[in-house]
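Reading through the C-alpha cells given below for one structure.
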Amino acid sequence: MPNDPLERLVSLSREFGREDRAWAILGEGNTSTRIDDGRFYVKASGSRLGEATREDFTEVDLHRALEYVARPSLTDEEVQAALDSIKLDPAAKRPSVETFVHAVCLEEGDCRWVGHGHPESVLSILCSQAGAQPYSEHIFPDAIVVCGRSFAVVPYVDPGFKLAHAVRDALRTFKKAHGKAPKIIFLENHGPFLLGQSDLDVLNTMKMLDKWSKILLANRHFGGANYLSPEESDRIEGRLDEAYRRKRLLEAEK
Ligand SMILES: [Zn+2]
346 MPNDPLERLV SLSREFGRED RAWAILGEGN TSTRIDDGRF YVKASGSRLG EATREDFTEV
406 DLHRALEYVA RPSLTDEEVQ AALDSIKLDP AAKRPSVETF VHAVCLEEGD CRWVGHGHPE
466 SVLSILCSQA GAQPYSEHIF PDAIVVCGRS FAVVPYVDPG FKLAHAVRDA LRTFKKAHGK
526 APKIIFLENH GPFLLGQSDL DVLNTMKMLD KWSKILLANR HFGGANYLSP EESDRIEGRL
586 DEAYRRKRLL EAEK
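Position in the sequence shown (from 1) plus 345 gives the number in this note's numbering.
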C-alpha cells in the first residue's frame, strides 16, 4: 500500500466503491482521513467512490468545520456556503454534504480514518422494521474481534448538518457508557459509518460487517439467528488471544 495518505484514501475509496461488493454505487458513500491536528481529506460532493482519483478529495479545515457543527442550526444555503468556506484550496471541489459528520467522527470518534457506504446487505437490515436491533447482540466471534463488541445507533435524521449533531450526541453517549468510541455507527434508513485507526482497519470492518449482515439475512431461512449470550460475547472481547489476532489483522499490510 502507498504511504501518501491521499493515495491511500483513493485506494480505500475504490475498494469501497467496487461494484461487485455493492457497498456504494453511483455517488453514494464517502471516505475521509485526518492529515494532522487541523486538517483532513474528505470525498468531494457527487464523486464516485469506485472511480475516485486524487482530484475527488478536498482538504478541509477540521476546526472550522467543528465551529459550524457547534451552531444550533444552519439553513440549506448556509450549509452550502459553509462547505465552500472550510476548503483549504478555494479551487478544490465542494466537499461532501456529510463532511460535518466526518469532522465529528475524526474529532470525537478516536479514529484517523472514516468510511461510509450504503451497502445492500446492511441496508436490508437497517431499512427494515427491525432497524439496527439485529446487531444489538452477536452471532459469531469474528464480528466481535473485527467490528467491536457494541455499536452506536442513530435513528433516521436529515443527512448533512442535523446528522452531524445526532452522530456527535450518539458518540458522546456511547463513550460515556463504554469508555471508548465504537468502530461502527449504524444510521437507520441510511447506512453505517466505520471508524478506523488505518485504512485497512476501515476496510476490514466493512468486509466483516457485510458478511455478518448477509448471515443475519440468511438465518431467517432457518428460524432466525441463534445469538451468543452477552457473557459469551464479553468473553471473546476480553480474550488475550483474540486481542493478538486483532493486532495481527491490522498488521497484514506490512
Ligand atoms: Zn450516506
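Virtual Cβ for every residue (Gly too), placed ideally from N, Cα, C.
Query                                                                                                                                                                                   : Result
Below 8 Å CB to CB, which residues in the same chain sit around Leu-295 once its five sequence neighbours on both sides are set aside?                                                  : Here the chain comprises residues numbered 346 to 599, so residue 295 is not present and cannot be evaluated.
Tell me whether the segment 446 to 458 and the segment 394 to 403 touch, counting them as touching only if at least three CB pairs, one residue from each stretch, are closer than 8 Å. : no
Within 10 angstroms of its Cβ, does Pro-417 collect 16 or more other Cβ (buried), or is it exposed?                                                                                     : exposed
Across which residues does DSSP place Asp-381 in a beta bridge pair?                                                                                                                    : Arg-384
Need the endpoints of the beta strand (DSSP E) that Val-459 sits in, please.                                                                                                            : 458 to 461
According to the neighbour-count rule (16 or more other Cβ atoms, all chains shown, within 10 Å of its Cβ), is Lys-599 buried or exposed?                                               : Caution is warranted here: a pLDDT of 46 is assigned to Lys-599, below 50, making its placement in the model unreliable, and the coordinate value is therefore given only provisionally. It is exposed - the Cβ of Lys-599 has fewer than 16 other Cβ atoms within 10 Å.
Provide the residue(s) that pair with Leu-540 in DSSP beta bridges, ordered along the chain.                                                                                            : Val-459
If I measure Cβ to Cβ from Leu-548 and keep anything under 7 Å in the same chain, skipping five residues before and after, which residues do I get?                                     : Leu-357, Glu-360
Smallest Cα separation from Asn-364: which of Gly-395, Phe-385, Gly-372, Gly-391?                                                                                                       : What sits at residue 364 in the sequence shown is Glu, not Asn. Taking only the C-alpha atoms, the option nearest Glu-364 is Gly-395.
Flag this pair as yes or no: are the beta carbons of Leu-532 and Val-491 separated by less than 8 Å?                                                                                    : no
Please tell me whether Val-512 and Pro-440 are closer than 8 Å, where the distance is taken between their beta carbons.                                                                 : no
According to the neighbour-count rule (16 or more other Cβ atoms, all chains shown, within 10 Å of its Cβ), is Asn-375 buried or exposed?                                               : buried
Closer than 7 Å by C-beta to His-463: which residues in its own chain qualify, once you throw out the five before and the five after it? Chain order, please.                           : Ala-369, Glu-373, Gly-374, Gly-536
Could you tell me if the beta carbon of Glu-443 falls within a distance shorter than 7 Å of some heavy atom in ligand 1?                                                                : yes
What's the C-alpha gap between Gly-383 and Val-459?                                                                                                                                     : 16 Å
Out of Glu-482, Lys-556, Asp-487, state which residue places its alpha-carbon closest to the alpha-carbon of Ser-574.                                                                   : Glu-482
Chain C beta carbons: is any one of them nearer than 8 Å to that of Gln-478?                                                                                                            : The structure shown contains no chain C; it holds only a single protein chain.
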